[in-house]
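For reference, the structure discussed in these notes is given below.
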Amino acid sequence: MKNSLHKEFKKIFNKEAQKVYFSPGRVNLIGEHIDYNGGLVMPCAITFGTYLLIAPNEDNVFRFRSLNFEDKLDIPLQEDYVKINTNWFNYPLGIINFFLKDGHKVKGFDILFYGDIPISSGLSSSASIEVATAFAINELMESGYSKLDLVKLSKSVENNFIGVNSGIMDQFAVTFGEKNKALMLNCDTLKYKAVDSNLGDYILAIINTNKPRKLAESKYNERVQECQAALKALQQELNIKNLCDIDSDTFKKHSYLIKDQVIFKRARHVIEENDRVKLAAIALSQNNLVEFGRLMYASHDSLRDLYEVSGKELDAIEEYSKTDSDVAGARMTGAGFGGCAIALVKEDAFDNFSQKVIRYYTNKIGYAPTVYRSLIGDGVGELIVK
Ligand code: GLA
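Per my numbering, the sequence shown starts with residue 0, numbered consecutively.
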């Protein structure tokens, strides 16, 4: 892979790449729509991701190219930048903009990106490209940001430059991910533990619905606002900073403070989901995959009925999984509105599962999903050229 990317870089820029970096995508095992409510999540970095090849230039120009998209950008170094339509290169442009506005010197660079994360699949290709760019520029310009700074600045670019009010989970997972580990992350304190993702006889399948995610961003921002409204209502009596500061029992006692039924449902999902992550962590530490799977199904059902971010495509995958005794659990992962589901599948039954879920989904939805065997990999880093 690296060799052919080097050749492409040379073909495009007529010189050698100086460095190659890789930043992964992520799946979230459980804890969905929790990060911007200050609770617990359990993401892992995956082995799909973004490759970034880079060399400085003497022209004070940023040249962004991608092997995935035809659109390209050549833009001179200037004081600041604004988003250009909805092009992919807004992610690296937003990162450069952040460095400059934060008072760091940046010189011109030629950058080639290649991603093997399926596009619009909800596996965080955006966090992956943001963190890849931030990591590379930070190293080459010796800007002195810590890894946690890179997470925070990438999130800030997503929120303020791109305009999606996402939480911190994705950028955190692609930066701090570790091979064969899940991150138990507290999104309020940003403290985390890398726990063994020992799945015993099971492996993790990723099922891409292949449904284009239309309206995802505006619906996402709507959910963020609904949670803020729920928090405000509860704060009339409770001294809390985040929705996830209370558990389901406390919520039950105070839920009368929320008058709007839709806002109530959103809050109930968030608070119960946060409780489920705690139970899931215990189940994983006891290698109790059956219990872990049960919690995954419960998470999906809540995202479908209370948070209303699933859809018939993601639901079809969960529905099929519940009928297959080789599957411990399944759920949508990420923001929802299309994208991917994950399933815990007995390793020796993976091919069978894959064929059957494809058949079930295709009959019901009219086109096929794509099924991957997921490997849990490391977070962002340089790929050393041997
Ligand atoms: C998207 C966002 C994350 C998180 C998930 C839902 O991936 O980028 O911050 O909110 O959705 O859990």
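Glycine included, each C-beta is placed from N, C-alpha and C at the ideal position.
Taking the straight line between their C-alpha atoms, what separation do you get for residue i and residue j?
i, j, result
"Leu374", "Tyr35", "27 Å"
"Glu221", "Leu382", "39 Å"
"Ile364", "Ile316", "10 Å"
"Lys9", "Ser309", "43 Å"
"Ala131", "Cys243", "30 Å"
"Leu237", "Asp246", "12 Å"
"Tyr80", "Gln227", "30 Å"
"Ile118", "Gln235", "42 Å"
"Val113", "Asn67", "What sits at residue 113 in the sequence shown is Tyr, not Val. Looking at the two C-alpha atoms, the distance is approximately 6 Å."
"Arg330", "Arg25", "15 Å"
"Ser127", "Asp314", "27 Å"
"Ala215", "Glu225", "15 Å"
"Ile45", "Gln77", "35 Å"
"Pro42", "Asp259", "31 Å"
"Leu408", "Ile74", "Past the edges of the chain, shown from 0 to 385, lies residue 408, and the structure says nothing about it."
"Ser22", "Ile281", "29 Å"
"Val370", "Ser153", "29 Å"
"Glu15", "Asp323", "51 Å"
"Lys146", "His299", "32 Å"
"Phe47", "Ile116", "5 Å"
"Ser123", "Phe175", "14 Å"
"Glu307", "Tyr90", "28 Å"
"Leu111", "His5", "10 Å"
"Tyr191", "Ile161", "27 Å"
"Gly376", "Glu177", "6 Å"
"Leu305", "Val261", "8 Å"
"Ala327", "Arg372", "15 Å"
"Leu288", "Ile95", "43 Å"
"Lys321", "Gln17", "49 Å"
"Thr85", "Leu92", "12 Å"
"Ala334", "Ile205", "15 Å"
"Pro368", "Lys252", "42 Å"
"Lys1", "Arg212", "30 Å"
"Val173", "Gly378", "5 Å"
"Asn286", "Ser3", "41 Å"
"Arg64", "Lys82", "17 Å"
Using C-beta distances below 8 Å, list every residue in its chain close to residue i, excluding the 5 sequence neighbours before and after it, in chain order.
i, result
"Ser254", "Phe263, Ala266 and Arg267"
"Gly38", "Gly30, Asn185, Cys186, Asp187, Asn241, Leu242, Cys243, Val269, Glu272, Asn273 and Val276"
"Asn239", "The residue asked about is misnamed: residue 239 is Ile in this sequence, not Asn. Leu230, Leu233 and Ile245, listed in sequence order."
"Glu346", "Asp200, Tyr201 and Ile202"
"His103", "Met140 and Ser142"
"Val223", "Tyr35 and Asn164"
"Asn351", "Asp325"
"Lys180", "Cys43, Ala193, Val194, Asp195, Ser196 and Ile375"
"Ser284", "Val194"
"Lys218", "Val308 and Phe336"
Can you list, in chain order, the residues of its chain with a C-beta nearer than 7 Å to that of residue i? Leave out the 5 residues immediately preceding and following it.
i, result
"Val40", "Asn27, Gly30, Ile33, Asp34, Met168, Leu184, Cys186 and Val276"
"Ser301", "His268, Glu271 and Glu272"
"Glu7", "Leu66 and Leu111"
Give me the Cβ distance between residue i and residue j, rounded to the nearest whole Å; I'm assuming they're in contact under 8 Å.
i, j, result
"Leu256", "Ala279", "So it is not a contact: roughly 28 Å between Cβ atoms."
"Ile341", "Leu149", "Contact flag wrong, Cβ pair sits at about 26 Å."
"Phe134", "Tyr20", "6 Å"
"Asn59", "Lys106", "7 Å"
"Leu72", "Phe88", "4 Å"
"Asn207", "Ser120", "5 Å"
Excluding five sequence neighbours on each side, which residues of the same chain lie with their C-beta closer than 6 Å to the C-beta of residue i?
i, result
"Asp109", "Phe12, Ala54, Asn56 and Arg62"
"Glu157", "Val163 and Ser165"
"Lys151", "none"
"Lys210", "Glu312 and Gly337"
"Tyr319", "Val356 and Tyr359"
"Ala348", "Asp325"
"Thr332", "Val26, Asn27, Cys339 and Ile341"
"Tyr144", "Asn137"
Is residue i near ligand 3 - that is, is its Cβ less than 6 Å away from at least one heavy atom of it?
i, result
"Ala334", "Ligands present in the displayed structure are limited to ligand 1, and ligand 3 is not among them."
Less than 7 Å between CB atoms is the rule here; does residue i satisfy it with respect to chain C?
i, result
"Tyr255", "Among the chains in the structure shown there is no chain C, since it carries only a single protein chain."
May I have a chain-ordered list of the alpha helix (DSSP H) segments no shorter than 4 residues that lie completely inside the stretch 23-109?
89-100
Every unbroken alpha helix (DSSP H) within the stretch 197-264, with a cutoff of 4 residues, ordered by chain
215-233 and 247-253, all fully within the stretch 197-264.
Whole alpha helix (DSSP H) runs in the stretch 127-210 with 4 or more residues, listed along the chain?
146-155 and 168-175
Three CB pairs or more closer than 8 Å across the stretch 186-200 and the stretch 352-359:
no
Scan the stretch 271-343 and note each continuous beta strand (DSSP E) run of 3 residues or more that stays entirely inside, going in chain order.
Correct list: 326-331.
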